[in-house]
Structures are given as structure tokens and as C-alpha cells.
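Protein chains in written order, with the numbering used here: chain A, 2 to 231; chain B, 77 to 842; chain C, 13 to 97; chain D, 13 to 97.
Structure first, commentary second.
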Amino acid sequence: MKFGIVLFPGTNRDGDAWDAVTGPLGASAVRLWHKDHDLQGADVIILPGGFSYGDYLRAGAIARFSPIMQEVVAHARAGGPVIGICNGFQILCEAHLLPGALLRNASLQFRSMPVTLRVENANTRFTNQYKAGQLLRVPIAHGDGRFAIDADGLRALEDAGQVVFRYVDRNGQVTDAANPNGSLDNIAGIINAGGNVMGLMPHPENAIDPLLGSTDGLGIFTSILAHVAA
Amino acid sequence: MGATPRPGDPAITPALVADHGLTADEYDRLVAMLGRTPTLTEVGIISALWSEHCSYKHSRPVLRTLPTKAPHVLQGPGENAGVISIGDGLAIAFKIESHNHPSAVEPYQGAATGVGGILRDVFTMGARPIALLNSLRFGSLESPRVRWLVAGVVKGIGDYGNCVGIPTVAGEVVFDPSYEGNPLVNAMCVGLLKESDLIRAKAQGVGNPVIAVGARTGRDGIHGAAFASEDLSEASEAKRPQVQVGDPFTEKLLLEASLELITSGHIVAIQDMGAAGLTSSSAEMAERGDVGVTIDTTKVPVREPGMTPYEILLSESQERMLVVARRGHENEVRAILEKWDLVAEVIGEVIAEPVYRVTEGSKVVAEFPGSRLVTDCPVYHPEAREGEEVQRLRAMDVHAIAERPEESDPFWTLEQLLSSPTIASKTWIHRQYDSTVRGQTVVGPGHGDAAVVRIPGTTKAIALKTDCNGRYVYLEPRTGGRIAVAECARNVACTGARPMAITNCLNFGNPKRPEIFFQFREAVGGMGDACTALGTPVTGGNVSFYNESPGRAVFPTPTIGMVGLIDHVEQSVGGAFTTSGDAIVLLGEPTDELGASEYLSRIHGVTAGAPPRCDLERERLLVDVLLSAIGAGLVRSAHDCSDGGLAVALAESAMMNADAPRGFSVDLSAFTLPSRALLFGEAQGRVVVSTPDPQAVLQVAAQRGLPAFVLGTVGGIGEDVAFQVGSKRHTTSIARLATAFHDSIPNLMARVAVSSDDAAPAGSTR
Amino acid sequence: MPRYRVAVHIVPRQGILDPQGKAVRDALHTLGFGSVVDAHVGRHLVLDVDAASDAEATAAVRTMCDKLLANPVTEDYEIAGVQAA
Amino acid sequence: MPRYRVAVHIVPRQGILDPQGKAVRDALHTLGFGSVVDAHVGRHLVLDVDAASDAEATAAVRTMCDKLLANPVTEDYEIAGVQAA
Ligand SMILES: Nc1ncnc2c1ncn2[C@@H]1O[C@H](COP(=O)(O)OP(=O)(O)O)[C@@H](O)[C@H]1O
Ligand SMILES: [Mg+2]
């Protein structure tokens, strides 16, 4: 089982993703350079967090056109698993591998803090080690995390169970106060209709070590392994 | 040979010399050095190099008195950053720097480029940046202009560090009217390197090419260094176009490219083009290497056509580096830069002839003998005399100030103090900083007295903090200088780390005024005393003078940035009470001191009295006791008593974890001090710890002769707070205190951050 | 080949929350500009393009907008002007 | 009182680094739009203002730009249009 972690100019959480999959999971990983066309045999592609191309035009807009993204798109279209975290989520939306868009936080400020997530769909290859409704403590760190989509798109997502994570309060309730960025319906993470491409704004790769406060993010990575083993 | 004027250069007149901030004496010195009339380009070069910012002409003799050596110091002052060894072949590079004046004019870009500059100082040592800190001073948040400054500075710091992907892990923010017209923005960066990768900014090897790397040179910030050496005034407002715009994305690429260059072996030296740009970087590299250098300005990649040598040399465009490569390795250097989509151009050469020469094509436009343009810089020994106003304020009998009627309820007073922006929670600020990126932040902002950052691949961690109480320094500079270091050491030791070394940023007024130079000399002296006593040498720093706005100087603010080392990261502790039933123990003892306190300032509007005594021997003992107790696993939380005294320290420990504020109860009736000194006095050398085993903690303290007292017990989440003071018992809800602490700054910042006489946008409109 | 300067407006699509516009309006109100009824913030791009004619320059910029400059999910764009540069 | 819609362009001042503009230009080049010689990114503001006349609406918006909307240190602004709203 091999993870491929894509490095765009401006990516900065590649090391965090690397540590998450090679550390507690003991999986192998390779870094994939944005100018290359080679996925180096990676089974799962991670688009990690950061500010690809400075996010100067729109978050993720320019990275989408990198040479490596042609391969990532082909991999995804062939049913290969892809997970985009934070900037990676933004890139997946820009690349139309996921529906919707991520806009400037409603507060117009960057938000770095732990949030509580509720697992909305535990029946995916990225969440099968969680229980539906389970609450997770995971940090966020972003300025452009407000998920937006039109009404039809939203209904389609909801109907097909494609909303995977929502921001909730400590009691598991969807409230405005628990929404750190103004996302539509408190959406924090979604999956594509095919079930092989997931994007989320929070950072599970920074919640893998009790010393750093939470291990709740680990489940995403162990779910991927469990899915492959199954 | 010798330089000749370019066609169109203005004549060198006394007015032009004065415009460049050079005195008549300094100009005469320049003429004597050259043996002829300087060209305009040469006047520009000298005005930059002999500016206070680059030359330290008023501070050098005083700085020389600081302790700088220890076996673990690999690089002391004089390089881009200091470096200490942490064992296992690893080292930490760190440095703090001010960006006060640019931030006063354009808070967003000023603060952002401050972060950019300090990052470059660290990665040019061969270190990968792993943490950022910042130390901020503003006027009162009641002022719309101050809110505009705060919003812009915080956004600028956040946007830059967040984009580069370096966590901002700690800092401090103080609000006082003395900073109203002249905020302080100090940024610190900490990097990790292999000892074997340490590289110094020393030009070497005759024939080696000098290469400009990174962003292109534009017309921005020309004369920024001279600008940082003047008081803020109407005239400096008019210089606004000198503001530089930062590009953190390019910085991230430059960081990766520079580290790759350093490990590649293709280069011998690398230096940031910071203040005074190409001029100071090239001159300083040549001086350190004791070689000559030639630069051809027509080879420098520029952003705009028609730039003159003067502009190219003095531009402060950001995200640029100067590199000396090994001869014949130019293409390898270029290839590395290209990989990161950056440009590299050979612009000059290291030469044997002891000259610093600038050409425009084949024409020489500036030429100085040897390294004299750095070494011949004037040095001043200004007069130092303590101001009479300060003497009067210090001598004031603050104990005679009558209590206000409301003070009969100590929780009223505590509420006022907890909501004082200097003490109140800074979450509104640091939630805009990415503190988790890189995945090593064990204790982040707001969770402990110092940040704790793990060193991957080892069991170790470092603890980091900045500190300074400018009010103390103002009222008694020597004591204030000592306390700044001692408080930093306490904060670092509270996490379980041994204090290792400091960097410092000395923010003062105009050194030509005797009372300011007195503050400077004494504060630096106090800092040195404390560094010697605590075994934390000075590895570098920065001096920022002229922090004045018409009519007044800021509080003298020698900000200390400290690095401590923890051998076993899992032993580190935070500042919040964690467990109901734990005993609360005070290490150190209260005294009847009220002078210079936040209590006097917030409750009585008075800045007076002598600051608390600072017994350095006692501070050292306290550090030892903390480290033994934490090392023995006896301590579940530790938090030092600083602004607001014991009552504030207790309350902060109870609600530092905003999600789970805890009640507690303490009995202080054994202390016979006046209650306000007991609760709110700022006696030094004290730390509040919580422990399951108070007797063992008392024993560790007793073994070293440090007084310690069991005060009470930690309660449950949401339970009440009780103080027994003398014969009276006072209780209140933790929610009341938590509201005062957590809501104060958000409520103030919710008001609009611009006033009608401010002609600039809030960061929020961009 | 002649050079043209093409200006483009990229604005948040109607119905999508525009927190920047709201922040601008609120700030203006607090500063006493009560006459401002509404405010919207978009991007203003200026591109200098070599092209055979202004029509060709405009067409090229349209393609750039469709491909990269505007997000079809959340934004609308409009060519605001073309002139010889 | 009549209502006017005033459009404002706020652009980075000449000579000041424009990292956004550079990113757009570089990206367009990579996408094959080599004909783009330069690109700049600014803001496009649309304000609906109650005023007695279009001249008055424009004057009011100018004041707003001076006081709040444009950063006098790094940006220039220009009133791009006024029309009855
Ligand atoms: N500007 C800032 N940036 C990041 N963290 C900050 C900043 N200001 C304060 N903090 C954090 O808030 C907490 C309280 O800081 P401070 O009031 O200086 O501590 P102390 O209680 O020791 O005086 C610390 O964890 C500190 O690192
Ligand atoms: Mg403090």
C-alpha cells in the first residue's frame, strides 16, 4: 500500500501528511512533484494542505493545471482513491473532481483552532473505521474554507450521502456558533458520487498523536488501509 | 581607478548630505576615507550602511558588555542568527527583529515583511524554520486607529507565516498609551539544523561568483534603513511609497531553494538582502570574509526598466538573497533555482584586491577601500542621565493610594484585571495564526507559559517565549531589564524546559536624549546580569531606536526571546489546571510590593512606584525546583505570576482551557500582607503549580531552600472559585471570570477598526 | 502585433454570500456614510495582450476567464473594456 | 432621493510589487496564453448610494475611497462609472 503525496509550489503540509501515513500507519509513501507526470505506482493520492501558487487568484485554481494533476484526474476517473485536505480540497473542487467551491471565510479572517466534526457517513472507504454520528476533535487552519454550492447541487449531495463531515458543537449539534467559516449547512468534508474522491477542510493529519492533543484523525488513514485489506 | 559621477547625478551639496541622514562630521569622515568627493551612489551606500539600523553606531559599545559565550553556543552575535547546540548533532538557529516603523505606516505589509525578513535570517544559516513568535505593543484599544493597527498587524503576521507554513506558536501583546503613536512589532523565528549544515555569511574564494537569487529588484523601500532610524513624524508620512509589499509564496520557494543550495555544496555563503538590500548584504559579506567584491548593477534582475545603480543598490525589495557560489558551479546553482521557478543571475565576483566596487557595465559608480565602509562607521557614546520625571514617579508612595470602594470585593478587581487587554486572552489574535502546521506543536499559543515544539526523530522538544514588561523598565531600567530575562526563563521553565539562550530586540526612543540612553545602558546592563545569573547567553538581537512620536518615547522595551530545551517531551506541562482535587502550590513567596503593577495602572490609572525586586539567585533556584519537580512527574500544570499577580495567575490556570474552565479554592489567610499586595502585587520569582502530591513538591522546594506553600485545591469544571483572605471568604462563579478574560478583546475588536481620520482600509476589506 | 489592454470584472454570483461587500457597507455606515445602501466587492483584472485586433484580444481573454480566471461555480465575469495599450 | 450605482477600480500602485498579478500572468503563460504580456489584479467595488445627483454620488464615493476603501500607501483608485440604480 503506497501513498503518493503531491507537492505543488506553496504546499506546506506535505510533511504532516507524510508523518501521518508513514508514522502510526507504517505505510510507505512517495512525494510526487507537480512538474512530473508519474504517480510512481502510488495507490492512494493525497493532495496536502498549503498555499499552492500562493492561492493568489483563487485557492487551488492554478495548481489544478499542474502536469501531475492530469495523472491525478486520470487516477480518480479510473476509480483510484484521492483525498484532498484543506488546499487539496480546494484543488479538487477547482479540478471538478468534487462539486462546489471553497470561498473566503465569512469572518474574512484565517481560523486556526480545534473544531468538533460529526461523521455523517461512516460507510465510505475513508471513514469506515468511524461510527456514523461519531464526534471528532480535529484542528482547522484556513482562510478560504466556506463551502458553497447551488441548491440543486446541495440537494444532490445530501440525497446521495456525499456529505461526510459537518462542523458541530461539543454536543454534536449543528449550530452557527460551531461553524468556523460560514460553510453551507456546516459542511466540512464531502465525497464524490463514485466514493473514491474525498475532500475536507480540517486536518486529520494533525490529529494523530496523543501528545498533540487528539488522535481522532487517524481513523481516516486506517479506514483507507482497512478498505484495501477488505 | 575611482568612481565618477553618472550623467544627471545631482551635485553633492550639504542639503543632499543631510537628506541622506548623514551629519557633517560623518560626511567629512567619508571624504577622508575616499580622499575625494563621493558620488551620489556612494553617498547613498554610506547613508544606508551608517544608518543606525545597519551600523549600531549608538549601541555597539553597550552591547559589547553582554555575555555571549557558553559551550552550547555555536554562533553568537554577528551573523544572521544565533545558533545553539541541542545535542544529537542538532542545533537551533533563532533571532528576533523589529519592524516597528513600517508597521506604523502600513500595518499589514509592515508586519508581513517583518516576518519575511526574520524567516530569511534563520534559513540563511542553513536552518529550516520550525516556529515563529511575535511580540507586539500598541496604544489603547479604545482608539479606532489602534484597532486598525492591531487588525492589520495581526493579519499581516498571520497571512505571511501561514502561507510559508511555519507555525506561530507563542508571543505576547501589551497595550499601553505610551505606544499609541509608535507601535512595536517584533518577530522571532526559530529554525532547526544539523550542526554540519551550519553556514555563515562570509564571502570567500577569489574568483567565486556573487549571485542574486529570488525575486527581482524593484523600486520599493529605497532608503528604508535610513527611515527606520528617524522619529515618526509628518515627514515620514510623506515617505509612504517606501513601503514594501511581501510575497510569502515566493518566500516559501526561496526557503526551499536556499536550503537545497546550502546542502548541495555548490555555494560558500548566503545572506538575506534585508535592510539596505544589496548594499549591506554585499558589503557585510565582503567584510566578514576579509575580501574585496565587485558588483555590476546592470546584471541585477530588475522589475522595472530604467533603474539607476543607486536604486538597485538601495532597494529593499523582499524575498531576495545574495549567494557566493563556488566558481564553475554557476549552472548547478541556476538549476536549483529554476526547479523552484526562481531566477539566479551572476552579478559580481569575489576579488583579491581589497576594494568594494560597484560598476554600471564597465563604468565604476562607487568604490571604497577595503572593508572600511563597514569598519570605519562612526561610533557614538551619548550622554546618559536619568530623567527627573521617572525619579519622581519611582519615589511615589503607591501604598498611600486609597482603595476604591468597589475593591472590597476582590473579584471586582480581579474582573477588571482579567479584562485588561494586556492580561485578557489573546485568542482573537492567535486564532488567526496557523499554530499546528508541521505537526510538532505540543503546547501552542494560549495553552501554556511558553510554546513547546517537538524535535522530530528525538525525544526532545524546545520551549519558546518572548517577554518584556516595559513599564518596569521605564520606572527602573536595570531591574526591568533583569525581570524581562527572568520572566522569560520562568515561562520556559514552567513547561519543563531548561533555559538555554536568548535573542533580544531593544526597542527604545531617541538615543541622543540622555534619559533615553540612560534607559538603554541600564536595561542592557540588567539584561546582562540576568543572562549571566541564569546561564542564558545572548546569541544575537536587534536594536530599534527612535521609537517616538511627537512629544513622547515608548516605554523602553527590551524584548527577550528565549529558547529552552526539554529532554523528554512527554514530561512537558501546560499552564491549565487539569484535575479536580489536585493541590495548588505556590513556589516562591508574596511580598508587599505594588509598584509598577498592572493593578495600579488598570484600577488607579497610575504608572508609578518601583518595580518589584528581582533576586536573580532566587530566580535560578526557582528554575531548578521547577525542573526537578516536573522531571519527577509531580506537576500537572505550571503558570508563573506576572501581570496582575497571584490572583490573576490562579484565575488564568483555572480557565486557560476555554472549553473547560475549572473552579478552585485557596486559603491565603496564612499571609499577613495587605490583601491587594497579596492578590495583585507582582512579586517576582513565583509560580503556581497544580500537583497530585503537594508534600513531594514542598520537599523538592525545601531541599533547595525555596519557600513554597500549599494554597488550596483545584475544583471541577464549572464549579465556583473561593478565596479566603484574612478572616474573609469570597466566592464567585468561574463563568464570571471567564467572561471577563475571554470576551474582552473580541468585544473591543468588534468595534470598527478605522476612524474617519484614518485614510486606510481595515485588513478586512481585502 | 498590436497590444491591447483588456479589463475584466469578476464578481460573486448573485445569491452567494458576499462577506466582503457586507464588511465594506458596515464599515462605511460606521464611518457615517449612511447613504450607502449596498456594496459588492469583486476582482478587477487588467491584462495586456498581444493580438491582431481588439476583437481577437477580447476573445482570448474570454477563453482565459472560462478556463482559469473565473470560477464557473461561484463567479460571473464581464469584459469591462478593451483599448490599445 | 435618487439612487446611483457607482463602480470603483482599486489597483496596486505602479511600481509596487503585485504578487497576484504575477501569479496570474505566470499561470496564463503555463496554460499557453503566451500573448499575455502583463497582468494586474485589483478590486472592483460597486456601491449603491443615495444622492441628489450623479456628481454628488461620485464625490461621496471619492471621499469613501480616500478614507477607507483604497489603501493610500499601496493603491490607486478610479471611479469607473456612475449610473442611476
Ligand atoms: N501575539 C501572540 N502570538 C502568539 N501567541 C501569543 C501572542 N500573545 C500571547 N500569546 C500567547 O498567549 C499566552 C499568554 O501570554 P502572556 O500573557 O504573555 O503570558 P503570561 O501569562 O506568562 O504573561 C501564551 O501562551 C502566549 O504565547
Ligand atoms: Mg507575560
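Glycine included, each C-beta is placed from N, C-alpha and C at the ideal position.
Suppose only complete runs of 4+ residues qualify. What are the alpha helix (DSSP H) ranges in the segment 631–689 of chain B, listed by chain order? With a minimum length of 4 residues, the continuous alpha helix (DSSP H) runs that stay inside the segment 631–689 of chain B are 674–680.
Which residues, in order along the segment 29–52 of chain D, keep a beta-carbon less than 7 Å from a beta-carbon of chain A? Answer set for the segment 29–52 of chain D: Pro31, Gln32, Ala35, Val36, Ala39, Thr42, Leu43.
Which same chain residues, not among the five before or five after B/Asp146, have their C-beta less than 6 Å away from its C-beta? Indexing the second sequence from 1 puts residue 146 of chain B at position 70. The identity of residue 146 of chain B in the sequence shown is Ala, whereas the question assumes Asp. Hits under 6 Å: Pro613.
So, is the C-beta of B/Ser393 closer than 8 Å to a C-beta in chain D? To locate residue 393 of chain B, count along the second sequence from 1; it is residue 317. Interface residue, yes.
Beta-carbon separation of B/Gly241 and A/Asn13 under 8 Å? On the second sequence, residue 241 of chain B is found 165 positions in, with the first residue counted as 1. On the first sequence, residue 13 of chain A is found 12 positions in, with the first residue counted as 1. In this structure, the beta-carbon distance from B/Gly241 to A/Asn13 falls below 8 Å.
Identify each residue in the segment 151–180 of chain A for which the Cβ-Cβ distance to at least one residue of chain C is less than 7 Å, and report them in chain order. Answer set for the segment 151–180 of chain A: empty.
Does B/Gly78 pass the burial test, meaning 16 or more other C-beta atoms within 10 Å, or should it be called exposed? One-based indexing of the second sequence puts residue 78 of chain B at position 2. Exposed: under 16 other Cβ atoms inside 10 Å.
So if I threshold CB-CB distances at 7 Å, which residues from the segment 57–68 of chain A count as touching chain D? From the segment 57–68 of chain A, only Tyr57, Leu58, Ile63, Phe66 have a Cβ closer than 7 Å to chain D.
Length of the line joining the Cα atoms of B/Gly228 and B/Ser179: Along the second sequence, one-based indexing puts residue 228 of chain B at 152. Along the second sequence, one-based indexing puts residue 179 of chain B at 103. Near 9 Å, if we compare the C-alpha coordinates of B/Ser179 and B/Gly228.
Which residues does DSSP list as the beta-bridge partners of B/Arg805? Within the second sequence, residue 805 of chain B is the residue found at index 729, counting from 1. The partner list for B/Arg805 (beta bridge, DSSP) reads B/Gln800.
Rounded C-alpha distance that separates D/Thr86 from B/Asp323: Here residue 86 of chain D refers to the residue found at position 74 when the fourth sequence is read from its first residue. Here residue 323 of chain B refers to the residue found at position 247 when the second sequence is read from its first residue. A straight-line Cα-Cα distance of about 14 Å links D/Thr86 and B/Asp323.
My guess is that A/Gly218 and A/Arg126 are in contact by the Cβ rule of under 8 Å, so how many angstroms apart are they, rounded? Here the question's residue 218 of chain A lines up with position 217 in the first sequence. Here the question's residue 126 of chain A lines up with position 125 in the first sequence. Not confirmed; about 16 Å, so no contact.
Measuring only the C-alpha atoms, how far is A/Gln135 from A/Gly89? Residue 135 of chain A sits at position 134 when you count from the first residue of the first sequence. Residue 89 of chain A sits at position 88 when you count from the first residue of the first sequence. The alpha-carbon separation between A/Gln135 and A/Gly89 amounts to approximately 24 Å.
Inside the segment 553–584 of chain B only - alpha helix (DSSP H) runs reaching at least 4 residues: Taken in chain order, the unbroken stretches of alpha helix (DSSP H) that lie wholly in the segment 553–584 of chain B and span 4 residues or more are 553–570.
Taking C/Gly93 as the reference, which of C/Thr70, C/Ala64, C/Leu40, C/Val36 has the closest Cα? Reading the third sequence from its first residue, position 81 is the one you call residue 93 of chain C. That would be C/Thr70, whose Cα lies nearest to the Cα of C/Gly93.
Since B/Met109 is in the beta strand (DSSP E), which residue starts that stretch and which ends it? Start at 1 with the first residue of the second sequence, and residue 109 of chain B comes out as number 33. That residue, B/Met109, is in no beta strand (DSSP E); its alpha helix (DSSP H) goes 100–110.
Among B/Glu646, B/Gly685, B/Ile538, which residue has its Cα nearest to the Cα of B/Arg712? In the second sequence, the residue the question calls residue 712 of chain B occupies position 636. Closest option to B/Arg712, Cα to Cα, is B/Glu646.
Output yes if chain C places a C-beta closer than 8 Å to the C-beta of D/Asp88; else output no. Position 76 of the fourth sequence, counted from the start, is the residue given in the question as residue 88 of chain D. It does not: the Cβ of D/Asp88 has no partner Cβ on chain C nearer than 8 Å.
Just list the beta strand (DSSP E) runs in the segment 452–535 of chain B, keeping only unbroken ones of 3 residues or longer that don't cross its boundaries, in chain order. Segments of the beta strand (DSSP E) lying fully in the segment 452–535 of chain B: 517–519, 527–530.
Tell me the DSSP secondary structure of A/His143 in three-state form. As a first step, residue 143 of chain A must be located in the first sequence, where it is residue number 142. In this structure, A/His143 counts as strand in the three-state DSSP scheme.
Sub-8 Å separation of A/Asn106 and A/Arg147 beta-carbons: Position 105 of the first sequence, counted from the first residue, corresponds to residue 106 of chain A. Position 146 of the first sequence, counted from the first residue, corresponds to residue 147 of chain A. Yes. Within cutoff.
When DSSP labels each residue in this structure, what does B/Phe303 get in the three-state scheme? Working through the second sequence from its first residue, we reach residue 303 of chain B at position 227. With a pLDDT of 47 at B/Phe303, under the threshold of 50, the modelled position of that residue is not reliable, and the figure given next carries that caveat. B/Phe303 falls in the helix class under three-state DSSP.
With DSSP as the reference, identify every bridge partner of D/Val20, one or two as the case may be. Within the fourth sequence, numbered from 1, the residue matching residue 20 of chain D stands at position 8. Answer is D/Leu57, D/Ile91, bridged to D/Val20.
Closest to A/Leu58 by CA distance: which of D/Val18, D/Gln32, D/Ile91, D/Ile28 is it? Start at 1 with the first residue of the first sequence, and residue 58 of chain A comes out as number 57. Among D/Val18, D/Gln32, D/Ile91, D/Ile28, the Cα nearest to that of A/Leu58 belongs to D/Gln32.
Please report the distance separating the alpha-carbon of B/Val369 from that of B/Ile121. Working through the second sequence from its first residue, we reach residue 369 of chain B at position 293. Working through the second sequence from its first residue, we reach residue 121 of chain B at position 45. Spanning the two alpha carbons is a distance of roughly 15 Å.
DSSP state of A/Ala30, grouped into three classes? Looking up residue 30 of chain A in the first sequence gives position 29. Strand, per DSSP.
Span of the alpha helix (DSSP H), counted from its first residue to its last, around A/Glu235: No answer is possible for residue 235 of chain A: it lies beyond the span of chain A, which begins at 2 and ends at 231.
Under the three-state DSSP convention, the category B/Asp716 falls into: Walking along the second sequence from the start, residue 716 of chain B turns up at place 640. Assigned with DSSP and collapsed to three states, B/Asp716 falls in strand.
Using a cut-off of 7 Å between C-beta atoms, extract the partners of A/Gly55 located in chain D. Counting from 1 along the first sequence, the entry for residue 55 of chain A is found at position 54. In chain order: Pro31, Ala35.
In terms of residue numbering, what span does the alpha helix (DSSP H) encompassing B/Ser607 cover? Within the second sequence, numbered from 1, the residue matching residue 607 of chain B stands at position 531. Note that residue 607 of chain B is Cys in the sequence shown here, rather than Ser. Counting along the chain, the alpha helix (DSSP H) containing B/Cys607 begins and ends at 590–610.
Could you please tell me which residues of the segment 220–240 of chain B, in chain order, have their CB closer than 8 Å to any CB of chain A? Answer in chain order: Lys231, Gly234, Asp235, Asn238, Cys239, Val240.
Chain C within 8 Å of A/Gly183, Cβ atoms only: By 1-based counting over the first sequence, the position of residue 183 of chain A is 182. With 8 Å as the cut-off, A/Gly183 counts as an interface residue toward chain C.
Could you check which residue in B/Arg589, B/Ile388, B/Asn733 has the C-alpha nearest to that of B/Met349? For this step, residue 349 of chain B is matched to residue 273 along the second sequence. The option with the nearest alpha carbon to B/Met349 is B/Ile388.
Tell me A/Arg112's beta-bridge partners as DSSP assigns them. The sequence position of residue 112 of chain A within the first sequence is 111, counting from 1. Bridge partners of A/Arg112: A/His143.
Cβ pair A/Ala102, A/Ala178 closer than 8 Å: As a working mapping, residue 102 of chain A is identified with position 101 in the first sequence. As a working mapping, residue 178 of chain A is identified with position 177 in the first sequence. If you check the CB distance, A/Ala102 and A/Ala178 do not come in under 8 Å.
Opposing strand residues paired with B/Lys541 [DSSP bridges]: Sequence index remark: in the second sequence, residue 541 of chain B carries index 465 (1-based). According to DSSP, residue pairing for B/Lys541 in a beta bridge involves B/Met638.
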